[in-house]
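I have placed the structure first, in the form of structure tokens, so that the comments after it can refer back to it.
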Amino acid sequence: MGLSRPNVMSPPLFVLITQSQSLTASILAYALSLPKLVAVGELEMNSLPFSIPTYIPNPNPTPRLGSFTAKKLHTVESAAVNFNETKYSETIRPASLGRREALGIGVCFGFLQLLNPQLDPAAAETGAAPPCEYTAAPSGLAYCDNVIGSGPEAVKGQLIKAHYVGRLENGTVFDSSYNRGKPLAFRIGVGEVIKGWDEGILGGEGIPAMLAGGKRKLRIPPELGYGVRGAGCRGGSCIIPPNSVLLFDVEFIGKA
Numbered sequence: 001m002g003l004s005r006p007n008v009m010s011p012p013l014f015v016l017i018t019q020s021q022s023l024t025a026s027i028l029a030y031a032l033s034l035p036k037l038v039a040v041g042e043l044e045m046n047s048l049p050f051s052i053p054t055y056i057p058n059p060n061p062t063p064r065l066g067s068f069t070a071k072k073l074h075t076v077e078s079a080a081v082n083f084n085e086t087k088y089s090e091t092i093r094p095a096s097l098g099r100r101e102a103l104g105i106g107v108c109f110g111f112l113q114l115l116n117p118q119l120d121p122a123a124a125e126t127g128a129a130p131p132c133e134y135t136a137a138p139s140g141l142a143y144c145d146n147v148i149g150s151g152p153e154a155v156k157g158q159l160i161k162a163h164y165v166g167r168l169e170n171g172t173v174f175d176s177s178y179n180r181g182k183p184l185a186f187r188i189g190v191g192e193v194i195k196g197w198d199e200g201i202l203g204g205e206g207i208p209a210m211l212a213g214g215k216r217k218l219r220i221p222p223e224l225g226y227g228v229r230g231a232g233c234r235g236g237s238c239i240i241p242p243n244s245v246l247l248f249d250v251e252f253i254g255k256a
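If you're matching positions, the sequence shown starts at 1 in full-length UniProt numbering and goes up one per residue.
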């Protein structure tokens, strides 16, 4: 007696369709329950040069190390910008000096020189200068030419360039454009610098005008320098003490 095969019927077509639709709906529902993905470009168009998927942040996210670091970097960068634009930060300046008062002085350099006086920083640039005998004008300004230039003399109001080293009578260097690697540019004869410089370069009262390419020593009395106030004074200490006689080595480069 043979075994009879069970009567197995395939599911009706509409059952298969229903099951397929149910599975599709389940997959769709599951997909919708996942975190939504968007492109970075939809959130911040300029945040990256390309778009990658990123998770939408919570409305009140916990501060991340990345955002903290970026903020700190921004602060440092701003400080650096302020430092470059003001030449030197007030936190390291012994005093706030204007252009005319400071004669373009790099105050930070001068302050360090007072703490640790060194030899004339222009010596490496100009070599050992021969002895120089000063000639004094009635104003008290004295000069001595190490090199007489061959170019044109400066004209009042003209923008010119000059290298210089400034010293006190005790030999302390308080500023040097050579150390900064850049000459000072200023308008001559209009009060942008101390009187001793205007008169020492333009000439007058028996002092000849400097010619471009010339190198001159100037001995400037307090009345034509920083006077009774001095310069760079703070907390009882001054870069240039009151009533100081100033000694400058000036190299007149020419028109700026």
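Think of the CB as a built atom: it goes at the ideal place given N, C-alpha and C, for glycine as much as any other residue.
Quick caveat, the model's predicted, so the values are computed rather than measured.
Query raised in the report: Between the C-alpha atoms of PRO183 and GLY235, what's the straight-line distance to the nearest angstrom?
Result: Locating residue 183 in the sequence shown gives position 183, where the first residue counts as 1. Locating residue 235 in the sequence shown gives position 235, where the first residue counts as 1. Going from the Cα of PRO183 to the Cα of GLY235 covers about 31 Å.
Report task. Work out the CA separation of LEU224 and CYS132 for me, nearest whole Å. Result -> To locate residue 132, count along the sequence shown from 1; it is residue 132. To locate residue 224, count along the sequence shown from 1; it is residue 224. C-alpha separation (whole angstroms): 21 Å.
Requested in this report: Mind checking which residues open and close the beta strand (DSSP E) that includes residue 259?
Outcome: The structure shown does not extend to residue 259, since the chain is modelled only from 1 through 256, so no value can be given for it.
Query raised in the report: Which two residues bound the contiguous beta strand (DSSP E) that contains ARG216?
Result: In the sequence shown, residue 216 corresponds to position 216, counting from 1. Taken as a continuous stretch (DSSP letters only), the beta strand (DSSP E) holding ARG216 covers 215-220.
Query - Cutoff 8 Å; reference VAL250; Cβ partners in own chain excluding five residues on either side - result: Locating residue 250 in the sequence shown gives position 250, where the first residue counts as 1. Excluding sequence positions up to five before and after VAL250, its CB lies within less than 8 Å of the CB of ALA162, HIS163, TYR164, TRP197, GLY200, ILE201, MET210, LYS215, ARG216, LYS217 and LEU218, all in the same chain and listed in chain order.
Requested in this report: On the DSSP bridge assignment, give the partners of ARG234 in chain order.
Outcome: Taking the first residue of the sequence shown as 1, we reach residue 234 at position 234. Answer by DSSP bridge pairing, in chain order: SER237.
Query raised in the report: Do you know whose CA, among ILE253, ILE240, GLY206 and LEU141, lies nearest ASN170's CA?
Result: For the purposes of this step, residue 170 is identified with residue 170 of the sequence shown, where counting begins at 1. Residue ILE240 is the option with its Cα nearest to ASN170.
Query - Nearest candidate by alpha-carbon position, reference GLY140, set PHE174, CYS233, GLU205 and PHE186 - result: Position 140 of the sequence shown holds residue 140. Closest by alpha carbon: GLU205.
Query - Those residues which DSSP pairs with CYS144 across a bridge - result: In the sequence shown, residue 144 corresponds to position 144, counting from 1. Note: CYS144 sits in a beta bridge opposite LYS217.
Query raised in the report: Using DSSP with H/G/I as helix, E/B as strand and the rest coil, what is ARG187?
Result: In the sequence shown, the residue the question calls residue 187 occupies position 187. In the structure shown, ARG187 sits in a strand (DSSP, three-state: E or B).
Query raised in the report: Going by C-alpha distance, which of VAL147, PRO221 and LEU159 is nearest GLY189?
Result: Within the sequence shown, numbered from 1, the residue matching residue 189 stands at position 189. The residue with the shortest Cα to Cα distance from GLY189 is LEU159.
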